[in-house]
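J.: Here the sequence shown stands for residues 352 to 659, numbered as in this note's numbering.
Think of the CB as a built atom: it goes at the ideal place given N, C-alpha and C, for glycine as much as any other residue.
Below is a structure I'd like to ask you about.
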Amino acid sequence: RTAGYGGLDLFDGGASTCRLKILDMRPKSSAIANRTAGYGYENTSYYPGTTLNFFNIGNIHAVRDSYQKVSALCLSDNTSDVQFAQLVEETKWLSQIRHILSASWQTAFHVQYNRLPVLLHCSHGWDRTSQVAALSQLLIDAYYRTMEGFATLIEKDFMSFGHPFHTRCAHGEGRGEGVSASGDEGQVSPIFLQFLDCVYQLVHMYPQYFEFTEDYLLELSDHVYSCRFGTLLCDTERERELVAGIRQRTYCLWDHLESHPKASRVSRSYNKDYTGMLMMPHSTLMRNVKLWTKRHAMHGPRPIHIMD
352 RTAGYGGLDL
362 FDGGASTCRL
372 KILDMRPKSS
382 AIANRTAGYG
392 YENTSYYPGT
402 TLNFFNIGNI
412 HAVRDSYQKV
422 SALCLSDNTS
432 DVQFAQLVEE
442 TKWLSQIRHI
452 LSASWQTAFH
462 VQYNRLPVLL
472 HCSHGWDRTS
482 QVAALSQLLI
492 DAYYRTMEGF
502 ATLIEKDFMS
512 FGHPFHTRCA
522 HGEGRGEGVS
532 ASGDEGQVSP
542 IFLQFLDCVY
552 QLVHMYPQYF
562 EFTEDYLLEL
572 SDHVYSCRFG
582 TLLCDTERER
592 ELVAGIRQRT
602 YCLWDHLESH
612 PKASRVSRSY
622 NKDYTGMLMM
632 PHSTLMRNVK
642 LWTKRHAMHG
652 PRPIHIMD
């Protein structure tokens, strides 16, 4: 019943009894704890024909902590090279990537093969929810694996749904600004960079399915923090359009990427005939997640080409 899918019970309930899959991105323990603040999660006994699953994806604080650890590890001169792979795993960064990709894969599976509507949510709906919703669409729809489609996907599932770029990336704030006396960095967290890392995993494994390359993702990850373009600034559409007038006062990142084409951004392996789903075995996806070396270790030791 679950052969080939890493032991996942993907057909629980069946299409005849389940009419809606509710996928909560949070750890169940966090969802229970949120009840004390007046939040919580769905009681499926009130919603006949639904099932609820939790996906154990860390919150913004866990993401920030893991990213700081993996960055320090990649940049440190004192890192044990022999134990490097083990130390990377201990940062939990790759574990978080796997959790996000697993949730995205299962979302795509339920939509495509069980023909079920899927309701995704976390605590607020603009971090983990945006990540998983966008990645599942990358797996389902080949359009979003083109440059034009990928830009549309980000505009739709991150920008239009209120991912707070300014708050998460601390745009315009100097080192130490926004940090409390106790050292808490508050709401700063590399959520969008983590999303790009997840996309990199797919591009690395299946380059023939993507029009863009790792270099395209690298440039995009740079401009998330460069503030050179207004596309990924501000917290909401209202702030971008009405308060800051971003569209009228700044250059568009997508226009820049289109008007300054580089061969390295376009995949030579891309096959336009691959218009169906990108649905690899779940175990293949999980077991081939790797460190995005060009991004996380761009200023650390990297292989070089030695000429004879």
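I need the boundaries of the beta strand (DSSP E) containing K372, first residue and last residue.
T.: From DSSP, the beta strand (DSSP E) with K372 extends over L371 to D375.
J.: Helix, strand or coil for N404, going by three-state DSSP, please let me know.
T.: N404: strand per DSSP, three-state reduction.
J.: Determine the direct distance from the alpha carbon of E506 to that of E499, and round the result to whole angstroms.
T.: When rounded, the distance between both Cα atoms is 11 Å.
J.: Which value, in whole angstroms, describes the spacing of the CA atoms of R555 and F580?
T.: Reading off the sequence shown, one finds His at residue 555, where the question assumed Arg. Those two C-alpha atoms are separated by around 27 Å.
J.: Which complete beta strand (DSSP E) runs does the segment 378 to 454 hold, if anything under 3 residues is left out?
T.: Complete beta strand (DSSP E) runs here, min 3: 401 to 405.
J.: For I383, count neighbouring Cβ atoms within 10 angstroms of its own Cβ and tell me buried if that reaches 16, exposed if not.
T.: Exposed, by the Cβ-count rule.
J.: Mind checking who V617 pairs with in its DSSP beta bridge?
T.: Bridge partners of V617: F563.
J.: Starting from L553, trace the alpha helix (DSSP H) both ways and give me its first and last residue.
T.: I542 to M556 is the extent of the alpha helix (DSSP H) around L553.
J.: Among all the DSSP beta bridges, which residues are the ones paired with V469?
T.: DSSP, once it has assigned bridges, lists K372 as partnering V469.
J.: Going by the CB atoms, is the gap between F516 and L583 shorter than 7 Å?
T.: Contact: yes.
J.: Distance check for L490 and C549, CA to CA, integer angstroms please.
T.: Taking the straight line from one Cα to the other gives about 12 Å.
J.: At which residues does the alpha helix (DSSP H) containing K645 begin and terminate?
T.: Looking at the DSSP string, the run of the alpha helix (DSSP H) that includes K645 is T644 to H647.
J.: Can you look up H650 in the DSSP assignment and give me helix, strand or coil?
T.: It is coil, neither helix nor strand.
J.: Below 8 Å on the Cβ atoms is my contact criterion, and I expect T395 with T387 to pass it. Report the Cβ-Cβ distance as a whole number of Å.
T.: So it is not a contact: roughly 21 Å between Cβ atoms.
J.: Given a threshold of 16 other Cβ atoms within 10 Å of its Cβ, counted over all protein chains shown, does Y560 qualify as buried or as exposed?
T.: It counts as buried.
J.: Grab me the residues of L642's own chain with a C-beta within less than 6 Å of its C-beta, minus the 5 sequence neighbours each way, in chain order.
T.: The residues are V439.
J.: What span of residues does the alpha helix (DSSP H) with C520 cover, start to end?
T.: Its alpha helix (DSSP H) spans residues F516 to C520.
J.: Give a yes or no on whether the C-beta atoms belonging to L504 and A485 are separated by under 7 Å.
T.: Yes, the Cβ-Cβ distance between L504 and A485 is below 7 Å.
J.: In chain order, what residues of the same chain have a beta carbon less than 8 Å from the beta carbon of R591, not counting five sequence neighbours either side?
T.: Closer than 8 Å at Cβ, skipping near neighbours: M510, G581, L584, C585, I597 and R598.
J.: Suppose you measure from the CA of A532 to the CA of I411; what does that come to, to the nearest Å?
T.: A caution first: A532 carries a pLDDT of 43, below 50, which makes its placement in the model too unreliable to give a value.
J.: Inspect the CB distances between the segment 414 to 425 and the segment 438 to 452 and report whether three or more fall short of 8 Å.
T.: Touching, yes.
J.: In three-state DSSP terms, what is E588?
T.: The answer is helix: DSSP assigns E588 an H, G or I state.
J.: What's the gap between the Cα of W605 and the Cα of A502?
T.: Going from the Cα of W605 to the Cα of A502 covers about 7 Å.
J.: Kindly indicate which residue of P632, L371 and R377 has the alpha-carbon position closest to the one of P399.
T.: Here the closest residue by C-alpha is L371.
J.: Where does S610 sit, in a helix, a strand or coil, going by DSSP?
T.: Here S610 sits in helix by DSSP.
J.: DSSP on F512, reduced to helix/strand/coil?
T.: Correct three-state label for F512: coil.
J.: Tell me which residues share the same chain as G534 and place their Cβ nearer than 7 Å to its Cβ, disregarding the 5 neighbours each side in the sequence.
T.: Confidence in G534 is poor, its pLDDT being 43 and thus under 50, which makes the residue's placement unreliable; the coordinate value appears in the next sentence. Same-chain partners within the cutoff: there are none.
J.: Measure the CB-CB distance between R479 and I408 and report whether it falls below 7 Å.
T.: Closer than 7 Å, so yes.
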